[in-house]
Amino acid sequence: MRSHVLKMSLYNDLRISEISILKKDPRHIASVFSFAKKLDLFRGHFPGNPILPGIFQIEMVKYVLEKSYDKCLRIKSVKKTKFSALIHPEKKVNLDITINKEENNLFNVKAILRVDDIVAGKINLILTEK
């Protein structure tokens, strides 16, 4: 039950933090987020110096794909991640997703997160339809 509540809270935090999807074509999606400091996701990560958790950054990619394709997806594998800069609350986070392959209900994607033109993270995932 607790994981269901956490998942709902996670998606609610994503939904209210998304500013917009700026671009969408068959191989590329660009989106912008800004996370309020009061969100639950910052409560324990870290007191006095809140930063956006890496797992939440991965979920951002999944969320944008689900919304863009109107499909329920699950993460099949996290091929590679690199978190290279801290993302603090209330900063605009630009998310650029490149869809490398979409076949057999699999999405092979690469995402880049930027804050103030600085690459904050790179994420490579394989997602599948539920």
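Each residue of the sequence shown is one higher than the one before, counting from 287 in the numbering used here.
Every residue gets a Cβ at the ideal spot worked out from N, C-alpha and C, and that includes glycine.
- For valine 395 against leucine 359, the beta-carbon gap comes to about 10 Å, at or over 8 Å, which does not count as contact.
- In the DSSP secondary-structure assignment, lysine 378 is bridged to Ser320.
- The C-alpha of histidine 331 lies about 15 Å from the C-alpha of phenylalanine 369.
- Residue state for serine 354 is assigned as helix, using DSSP reduced to three classes.
- Following the DSSP letters along the chain, one finds arginine 360 inside the beta strand (DSSP E) bounded by residues 359 to 369.
- In this structure the segment 387 to 394 does not lie against the segment 323 to 339, because fewer than three pairs of beta carbons, one per stretch, are closer than 8 Å.
- By alpha-carbon distance to isoleucine 398, the top candidate from Lys357, Ile344, Ser354, Glu415 is Ile344.
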